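Trainee:
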Amino acid sequence: MASFGTFWLLLAVSFQAPVSTPHLRSMESFISAVEQVEQSNPTLTPLALVRALRRIAGHDDPLTVHYLGASNRHPVLSATLDQAILNASSFSFFDKAERGVVLAPDGTTVALAPLLLGIEAGLRAREAEVGAETEQEGGASGVAAFGVFPLTLGRSLGLSFLSLQDFSADLRLGPGGCWDSVEQPRVFRLSRTPTLATDALINGGMDGAILGTALGNLSRAAPPPPPTRLSATLRGYYGYVLSEDRGLEELRGHASAKRRQSSRSLLEPLDPERQVMETLVMVWKLEKTEWIALDDGVEVSVKEGLKAFTHMYWDCPPIISRCQWGAEVIRGTHSPLSPPLPYLYIHHTYQPSTPCLSFPACSRDMRAMQRFHQDERGWKDIGYSFVVGSDGYVYEGRGWHNRGAHTRDRNTVGYGVAIIGNYISTLPSRYSMDLLRHRLVQCAVDGGRLAVNYTLLGHRQVVNTSCPGDAFYSEISTWDRFGK
Numbered sequence: 002m003a004s005f006g007t008f009w010l011l012l013a014v015s016f017q018a019p020v021s022t023p024h025l026r027s028m029e030s031f032i033s034a035v036e037q038v039e040q041s042n043p044t045l046t047p048l049a050l051v052r053a054l055r056r057i058a059g060h061d062d063p064l065t066v067h068y069l070g071a072s073n074r075h076p077v078l079s080a081t082l083d084q085a086i087l088n089a090s091s092f093s094f095f096d097k098a099e100r101g102v103v104l105a106p107d108g109t110t111v112a113l114a115p116l117l118l119g120i121e122a123g124l125r126a127r128e129a130e131v132g133a134e135t136e137q138e139g140g141a142s143g144v145a146a147f148g149v150f151p152l153t154l155g156r157s158l159g160l161s162f163l164s165l166q167d168f169s170a171d172l173r174l175g176p177g178g179c180w181d182s183v184e185q186p187r188v189f190r191l192s193r194t195p196t197l198a199t200d201a202l203i204n205g206g207m208d209g210a211i212l213g214t215a216l217g218n219l220s221r222a223a224p225p226p227p228p229t230r231l232s233a234t235l236r237g238y239y240g241y242v243l244s245e246d247r248g249l250e251e252l253r254g255h256a257s258a259k260r261r262q263s264s265r266s267l268l269e270p271l272d273p274e275r276q277v278m279e280t281l282v283m284v285w286k287l288e289k290t291e292w293i294a295l296d297d298g299v300e301v302s303v304k305e306g307l308k309a310f311t312h313m314y315w316d317c318p319p320i321i322s323r324c325q326w327g328a329e330v331i332r333g334t335h336s337p338l339s340p341p342l343p344y345l346y347i348h349h350t351y352q353p354s355t356p357c358l359s360f361p362a363c364s365r366d367m368r369a370m371q372r373f374h375q376d377e378r379g380w381k382d383i384g385y386s387f388v389v390g391s392d393g394y395v396y397e398g399r400g401w402h403n404r405g406a407h408t409r410d411r412n413t414v415g416y417g418v419a420i421i422g423n424y425i426s427t428l429p430s431r432y433s434m435d436l437l438r439h440r441l442v443q444c445a446v447d448g449g450r451l452a453v454n455y456t457l458l459g460h461r462q463v464v465n466t467s468c469p470g471d472a473f474y475s476e477i478s479t480w481d482r483f484g485k
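Under our numbering, think of the first position of the sequence shown as 2, with each following residue one higher.
What follows is the structure in structure tokens.
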């Protein structure tokens, strides 16, 4: 499978160093490289730029050409830059270390191919005469007409569902992985054998669908503003800055931390099952393998796969893994839990006392709490099952399967979840509370980890403590399934 795995490396090579030098694979470095392309090619429009980059990456498979046209029919970069990129070495998409991906500022890993294909599809739609284009492409409209869904998510999801029909639906998606360093990311290693829809491909696909739709005005909302530089579009989406006065709930426009909610609101009304099936039919038609559609198991596999996708990537909140926030190894061995558990215990951290508003800040807080729990209290690991930041993410503590050290004498029967901050007199952000109250709880119940008839309790209800703070305790006493 062709990829933009070469894409990041080649841009970095052309501007920064000889081919033999390892390069940072962060989204910020990628955006900076795109900015340099824009500065050295000032007449290129955003659409011309993404087309030229697709040509350089060799991403002209039949489905992409069907929707976007052959990239070699479009303007290329300056001769000097073009030749420098072409002279660079390419590498495979999968080799246990997943290629073609970058680390975003929010701590998630994003595949460039579906991101950029979605952007190109949206920009092409914006430029085209919508009526003429939809007639040429079979009378479809909106997102489907210009290939945004097929090129960002439809193809990856559909082919992954079918390629692993003998496995449970949840194993047909993912996995995630770990970077060698989140400060200087160069190598990304997957946690298990990859499917055709890794977490990074799904993240990139969601982002490509969101940005492509916005750039192409495919939602038929207000007229779009004039197109900005590609680098500005990417930086606005990935490089937002939160503050105590401007949290995610106040943030206007799209942001990577909200990709799950945004992609769901955008794509779920389009009937994803039908969209995936139509994408597969188009793939088989272009490959002249239409006979595959006659298999009775195809629709069943797609239905099961999308149910798993909905649970894993839309119902569940985004969870930053232990390796991403830099957890130390456990001191000893974990004791397993036996889910579903009947209780959920709510905490505040008290210390750190200030809400964390970014991946680096939340990761530092997680490491500080783990050090305190291990070094000062003598525990095996950080005590909490999960911790919620104010950056839009849940952070993995001991997780779903390992007994925590969060609520004395109750650790075998419940999960302990804390929100970072001191909430004696103030509340956590509404976004953080909703992430816990609705997203994490639904994920736990639907996934069989938390009992359907679970009871929610504040830490102070079972231990002599002020936790989770007076203000926060008053708030959770109004939540569903609160136990008195």
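Note that CB positions come from ideal geometry on N, CA and C, so glycine has one too.
Nothing here was measured: the structure is a model prediction, and the numbers come from that model.
Could you work out which residue in R100, L118 and F31 is closest to A49 when comparing CA atoms only?
Mentor: L118
Trainee: Does P341 come out as helix, strand or coil in the three-state DSSP assignment?
Mentor: coil
Trainee: My output table needs one value for Y385: the three-state DSSP class, helix, strand or coil.
Mentor: coil
Trainee: Would you tell me roughly how many angstroms separate the C-alpha atoms of L154 and G398, rounded to the nearest one?
Mentor: 30 Å
Trainee: Nearest-angstrom Cα distance between S161 and P151?
Mentor: 13 Å
Trainee: Let me know if A145 comes out buried or exposed under the rule of 16 or more other beta-carbons within 10 Å of its beta-carbon.
Mentor: Only weak support is given to the placement of A145: the predicted model assigns it a pLDDT of 43, under 50, and the question is left unresolved by the model.
Trainee: Does the structure place the segment 463 to 481 close enough to the segment 427 to 440 that three or more beta carbon pairs sit under 8 Å?
Mentor: yes
Trainee: Assign S426 to one of three DSSP states: helix, strand, or coil.
Mentor: coil
Trainee: State the DSSP-derived secondary structure class of D83, mapped to helix, strand or coil.
Mentor: Low confidence applies to D83: its pLDDT is 49, below 50, so where it sits in the model is not reliable enough to give any reading.
Trainee: Going by the DSSP bridge assignment, what does A112 pair with across the sheet?
Mentor: V102
Trainee: Under 7 Å Cβ to Cβ from R156, same chain only, skipping five residues before and after it: list those, please.
Mentor: Answer for R156: L64, T280 and V284, listed in chain order.
Trainee: So, helix, strand or coil for C363, using DSSP?
Mentor: Helix, per DSSP.
Trainee: For T456, write down the residues that DSSP places opposite it in a beta bridge.
Mentor: Its beta-bridge partners are Y344.
Trainee: Identify every residue that forms a DSSP beta bridge with S494.
Mentor: Nothing can be reported for residue 494, as the shown portion of the chain is limited to 2 through 485.
Trainee: Could you please give the first and the last residue of the uninterrupted alpha helix (DSSP H) stretch that includes C444?
Mentor: V442 to D447
Trainee: What are the start and end residues of the alpha helix (DSSP H) that includes V1?
Mentor: Residue coverage of the chain in this structure runs from 2 to 485, which leaves residue 1 outside it and unanswerable.
Trainee: Rounded to a whole number of angstroms, what is the C-alpha to C-alpha distance between E134 and W180?
Mentor: Annotation note: pLDDT 43 at E134 (below 50); position unreliable, no value reported.
Trainee: In angstroms, rounded to a whole number, what distance separates the CA positions of M555 and P273?
Mentor: With the chain covering 2 to 485 only, the question about residue 555 has no answer from this structure.
Trainee: Could you tell me which of Q325, G108, R409 and C363 sits nearest to W380, measuring between CA atoms?
Mentor: Looking at the Cα atoms, R409 is the closest of the given residues.
Trainee: Can you tell me the Cα-Cα spacing of I293 and I203, whole angstroms?
Mentor: 24 Å
Trainee: For the candidate residues C468, L342, D200 and T427, whose alpha-carbon lies nearest to that of A445?
Mentor: L342
Trainee: Output the boundary residues of the alpha helix (DSSP H) element that contains Y238.
Mentor: L231 to Y239
Trainee: Any idea what DSSP makes of N403, helix, strand or coil?
Mentor: strand
Trainee: Just reading off the beta strand (DSSP E) that C179 is part of, what are its end residues?
Mentor: Start and end: G178 to W180.
Trainee: Shorter than 8 Å from the beta carbon of C468 to some beta carbon of chain D?
Mentor: Checking the listed chains, one finds no chain D in this structure; it contains a single protein chain.
Trainee: Who pairs with G415 in a beta bridge, going by DSSP?
Mentor: Looking at the DSSP assignment, G415 forms a beta bridge with Y344.
Trainee: Hey, quick one: how far does the alpha helix (DSSP H) through Y432 stretch, first residue to last?
Mentor: Looking at the DSSP string, the run of the alpha helix (DSSP H) that includes Y432 is R431 to D435.
Trainee: By DSSP's criteria, W320 is part of a beta bridge. Which residues make up the other side?
Mentor: Correcting the residue identity first, residue 320 is Ile in this sequence and not Trp. Looking at the DSSP output, I320 shares a beta bridge with V395.
Trainee: Using the three-state DSSP reduction, which class does L174 fall into: helix, strand or coil?
Mentor: coil
Trainee: With DSSP as the reference, please indicate the residues paired to I420 in a beta bridge.
Mentor: Looking at the DSSP output, I420 sits in a beta bridge with H349 and V389.
Trainee: Determine the burial state of H349: buried for a count of at least 16 other Cβ atoms within 10 Å of its Cβ, exposed for fewer.
Mentor: buried
Trainee: Using a Cβ-Cβ cut-off of 6 Å (strictly less than) and excluding sequence neighbours within five positions of Q276, which residues of its own chain qualify?
Mentor: F150 and G155
Trainee: Do I321 and Y396 have their beta-carbon atoms positioned less than 8 Å apart in this structure?
Mentor: yes
Trainee: Please state whether DSSP places R190 in a helix, a strand or coil.
Mentor: strand
Trainee: Whole angstroms are fine: how far does the CA of I425 sit from the CA of G306?
Mentor: Using only the alpha carbons, I get a separation of about 44 Å.
Trainee: Closest to V282 by C-alpha separation, out of S263, E269, R404 and V303, would be which residue?
Mentor: V303
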